[in-house]
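J.:
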Amino acid sequence: MTAIKTCCTTLLLSCLVALSGCDSGSVEVIGGPVAMRKISAEQYRNIIADTFGSRIEVSGRFEPANRRDGLNAIGTSHVAVTPSGFEQYEALARSIAAQVVASEHREALMPCQPVAQSAGDDACTGEFITHYGQQLLRRPLTESEVQLRVANATLAAADSGNFYTGIELALSSLLVAPDFLFRIEEAVPAPTPEQPDRQRIADYTLASRLSFFLWNRGPDEQLLAAAARGELATDEGIQREVDRMLASEHLAGGARAFFYDLFMFDQFDDVSKDAARYPLFTRRLADDAMEQTLRFVVNHLIAGSGDYRQLFTSRELPMTRSLGPLYGIPVRSADGWETSRFPDNQPRAGLLSHGSFAMLHAHPGRSSPTLRGVFMREALLCQTIPEAPADVDFTLFSEDGNAQYKTARERLQVHSNEPSCNKCHVLTDPIGLGLEVFDGIGSYRAGENGAAIDSSGDFDGKRFSDPVELGRAFAENELVAACLVENLYRYAVGRPELNRERRLLRQLEKQFAAANFTLPALMRDIALSSGFRTASPARESSQNQQAATSNAAASADQFAKAKETI
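Set out below in structure tokens:
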């Protein structure tokens with residue numbers, strides 16, 4: 283069955299590429315400068331699981347992400363490891379290393395056996411470091427990197443009388459190495475007569491770019507081997523690897539990571555609700571609501587190879603027993619997930635009707651048309667909404683029990699009449715009010731304070747009467763697909779697009795439409811694009827380079843501590 287699914291996926295991708303009628307390299311641009319990007323908590327866990335297996339536990343805290351330009355993926359090149367953060371990484375490293383060499387795991391995980399367990403063994407230690415070092419650092423180790431660790435592991439083994447104490451120390455040093463915790467990108471000169479400053483992304487850097495973009499995990503052995511042979515520097519070689527990766531089961535995890543970032547789901551950890559107003563709300567309900575949306579998106583776009591625009595109109599969605607009461611849907615299964623449909627008697631359809639968005643973009647005790655409108659404009663349409671002035675008075679709108687202005691629409695109408703507020707609210711409120719029939723956790727309601735809720739409005743010249751029609755208007759708006767292209771490209775390269783890359787984005791939009799708005803085809807086109815595979819000198823855009831330099835300087839003292847154990 284797996285072989286059949288892989289074959290079908292590859293065939294589908296080939297058909298979509300043929301349908302597009304466009305060469306992914308038809309628009310040649312030079313990408314932005316390389317950077318140093320910290321791996322995320324999920325990427326960390328994925329690398330450990332891929333390297334040592336699922337039995338090795340990663341239990342510890344990670345520092346919060348840094349969202350920039352709408353994405354945590356962009357913020358990764360603007361963060362350093364703080365002293366407390368390094369202590370957390372060091373504790374994680376020691377915990378993982380201790381598990382790997384533990385008696386119940388070492389037989390399966392050691393690539394060799396020492397001559398004696400009571401002393402060091404340079405040959406076996408070197409084999410261990412070389413084997414796991416390449417997987418963890420995502421590149422081959424130099425001879426000096428291996429020998430330094432071997433020497434220190436041998437000393438530790440001699441002091442303790444235990445070979446595995448030295449191995450544990452060597453592995454810990456790999457797990458706090460800058461090249462493990464950060465994706466330190468490199469580029470090499472690749473000038474052309476028309477582009478004398480052109481650089482191409484170095485082979486091992488490109489392997490990491492591909493794997494973290496498409497899979498949200500480090501490169502596998504086959505991808506690293508392709509990089510070692512120089513195949514990723516050729517059109518044929520990178521196309522072969524990209525198509526292989528798109529046919530992998532890991533593609534679902536890559537798509538899931540992107541939408542988790544785009545939908546700001548990392549903020550779910552801070553979601554809380556007034557228990558008196560929302561007695562149905564629990565932490566499990568919030569977790570299931572987030573999982574529901576991610577499953578819905580991945581099932582439709584990856585497993586079903588569906589049209590991205592249909593996410594805004596589909597009435598089907600995954601469901602659990604805990605979510606059933608939220609939507610008024612009976613759930614047969616006591617545990618696990620099943621496929622359900624939004625009831626026909628409720629104005630629900632597509633992403634905008636999901637409880638996850640209603641919960642996340644609301645206040646603890648009430649809904650918020652403005653927060654929902656801001657999210658839709660910024661995350662789904664790539665428009666910028668200015669920050670509210672510091673002196674704005676929100677008192678009236680916060681009085682959701684006001685006897686005179688009973689509904690959010692009435693209160694917002696008065697609030698937005700202020701000249702300093704109107705220019706923002708005119709963008710956010712019409713579409714945000716279209717979702718006002720969903721309360722602060724996403725339950726349907728027909729009225730507020732005894733007054734009927736009016737969920738009609740205008741979305742950029744298109745009238746709608748309820749959330750179903752609003753979702754349809756989103757599906758038909760050309761900005762929705764264009765914004766996905768822009769966000770996915772930014773996510774892939776880890777930075778905002780440069781001005782010269784805008785024509786590449788326009789080309790990607792055309793290819794996306796020609797491929798029936800399917801996500802795997804778009805991911806393929808981005809991975810094969812010149813903007814993804816090339817780089818410019820740092821002087822052309824110093825911001826990313828300065829951020830990388832700042833990361834290195836801010837973290838230098840912390841990593842110096844690690845060198846004492848290498």
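All residue numbers for the sequence shown refer to the working numbering, where the first residue is 283 and numbers rise by one.
Backbone N, C-alpha and C fix where the C-beta goes; we use that ideal spot for every residue, glycine too.
Using a threshold of 8 Å, state whether the C-beta atoms of V767 and G313 are closer than that.
T.: Cβ atoms of V767 and G313: not closer than 8 Å.
J.: What did DSSP end up calling E476 once you bin it into helix, strand or coil?
T.: Coil at E476, not helix or strand.
J.: Hey, how far is the Cα of R480 from the Cα of D736?
T.: One C-alpha to the other measures close to 56 Å.
J.: What are the boundary residues of the alpha helix (DSSP H) that G654 is part of?
T.: Checking the displayed sequence, the identity of residue 654 turns out to be Arg instead of Gly. Note, R654: alpha helix (DSSP H), P651 to F657.
J.: By a C-beta neighbour count over all protein chains shown, 10 Å radius and 16 as the cutoff for buried, is T595 buried or exposed?
T.: By the neighbour-count rule (16 or more Cβ atoms within 10 Å), T595 is buried.
J.: Below 8 Å on the Cβ atoms is my guess for Q325 versus R565; work out the distance and round it to an integer in Å.
T.: About 25 Å separates the two Cβ atoms, so there is no contact after all.
J.: What is the rounded straight-line gap between the Cα of S812 and the Cα of D589?
T.: The straight-line gap from Cα to Cα measures roughly 25 Å.
J.: By Cβ distance below 6 Å, which residues in the same chain neighbour N328 in space, the five residues on each side in sequence not counted?
T.: Result list for N328: R499, in chain order.
J.: Rounding to the nearest angstrom, what Cα-Cα distance links E518 and D525 in this structure?
T.: C-alpha separation (whole angstroms): 11 Å.
J.: Give a yes or no on whether the C-beta atoms belonging to P778 and I356 are separated by under 8 Å.
T.: Yes, the Cβ-Cβ distance between P778 and I356 is below 8 Å.
J.: My understanding is that T358 touches K320, with C-beta atoms under 8 Å, so please give their C-beta distance in whole angstroms.
T.: Yes, they are in contact, since the Cβ atoms of T358 and K320 sit about 5 Å apart, within 8 Å.
J.: Grab me the residues of K744's own chain with a C-beta within less than 6 Å of its C-beta, minus the 5 sequence neighbours each way, in chain order.
T.: Here the set comprises A755.
J.: Using the Cα positions of H582 and L593, report the straight-line distance between them to the nearest angstrom.
T.: Between H582 and L593, the C-alpha separation is close to 8 Å.
J.: Would the region 636 to 652 and the region 718 to 732 be scored as touching if the rule is three or more Cβ pairs under 8 Å?
T.: The region 636 to 652 is in contact with the region 718 to 732.
J.: Between which two residues does the alpha helix (DSSP H) harbouring E620 extend?
T.: It is not in any alpha helix (DSSP H) - E620 instead sits in the beta strand (DSSP E) that spans E620 to R623.
J.: Compare the C-alpha of W497 against each of N798, G716 and D332 and name the closest.
T.: Closest option to W497, Cα to Cα, is D332.
J.: Looking at E523 and A508, is the spacing between their C-beta atoms short of 8 Å?
T.: A contact, by the Cβ cut-off of 8 Å.
J.: Assuming L419 and D461 form a contact by the criterion Cβ under 8 Å, report the distance between their Cβ atoms to the nearest whole angstrom.
T.: Going by Cβ atoms, the distance from L419 to D461 rounds to 4 Å, so yes, they are a contact pair.
J.: For a test of the three-state rule: what should DSSP assign to I312, helix, strand or coil?
T.: Coil.
J.: In the DSSP assignment, what are the bridge partners of T424?
T.: The partner list for T424 (beta bridge, DSSP) is empty, contrary to what the question assumes.
J.: Using C-beta distances below 7 Å, list every residue in its chain close to E503, excluding the 5 sequence neighbours before and after it, in chain order.
T.: Result list for E503: empty, nothing under 7 Å.
J.: Three or more beta-carbon pairs under 8 Å between the region 439 to 452 and the region 374 to 387, yes or no?
T.: Because the criterion of three Cβ pairs below 8 Å is met, the region 439 to 452 and the region 374 to 387 touch.
J.: Just to confirm my understanding: we take Q549, look at its own chain, exclude 5 residues before and 5 after, and list those with CB closer than 7 Å. What are they?
T.: The answer, listed in chain order, is L642.
J.: Please report the distance separating the alpha-carbon of S530 from that of S493.
T.: Those two C-alpha atoms are separated by around 11 Å.
J.: State the Cα-Cα distance for the pair Y486 and E758, rounded to the nearest angstrom.
T.: When rounded, the distance between both Cα atoms is 41 Å.
J.: Check each candidate in L804, A817, S818 and A820 and name the one with the smallest Cα separation from F495.
T.: Per the Cα distances, L804.
J.: Do R431 and S455 have their C-beta atoms closer together than 8 Å?
T.: Taking 8 Å as the Cβ cut-off, R431 and S455 qualify as a contacting pair.
J.: I need the DSSP call for K555, collapsed to helix, strand or coil.
T.: Coil, per DSSP.
J.: I483: buried (16+ other C-beta within 10 angstroms of its C-beta) or exposed?
T.: Its Cβ being crowded by 16 or more others within 10 Å, I483 is buried.
J.: Within a Cβ cutoff of 8 Å, which residues of the same chain sit near I584, ignoring the five residues on either side of it in sequence?
T.: Once the five neighbours on either side are set aside, the close Cβ partners of I584 are L533, A534, A537, L801 and P802.
J.: What residue range is occupied by the uninterrupted beta strand (DSSP E) comprising L599?
T.: Unbroken beta strand (DSSP E) run through L599: E598 to M601.
J.: Taking A347 as the reference, give the member of M546, V719, H636 and A557 with the closest Cα.
T.: Comparing Cα positions, the closest option is M546.
J.: Where does C781 land, buried or exposed, given buried means 16+ other C-beta within 10 angstroms?
T.: Checking the sequence shown, residue 781 turns out to be Asn, not Cys. Looking at its Cβ environment, which holds fewer than 16 other Cβ atoms inside 10 Å, N781 is exposed.
J.: Quick one: using the 10 Å Cβ neighbour count with 16 as the cut-off for buried, is T407 buried or exposed?
T.: It is buried - the Cβ of T407 has at least 16 other Cβ atoms within 10 Å.
J.: Assuming A809 contacts A469 (C-beta within less than 8 Å), just tell me the rounded distance between them.
T.: About 17 Å; that fails the 8 Å criterion.
J.: The beta strand (DSSP E) with F464 in it runs from where to where?
T.: Where F464 is concerned, the enclosing beta strand (DSSP E) stretches over F464 to I466.
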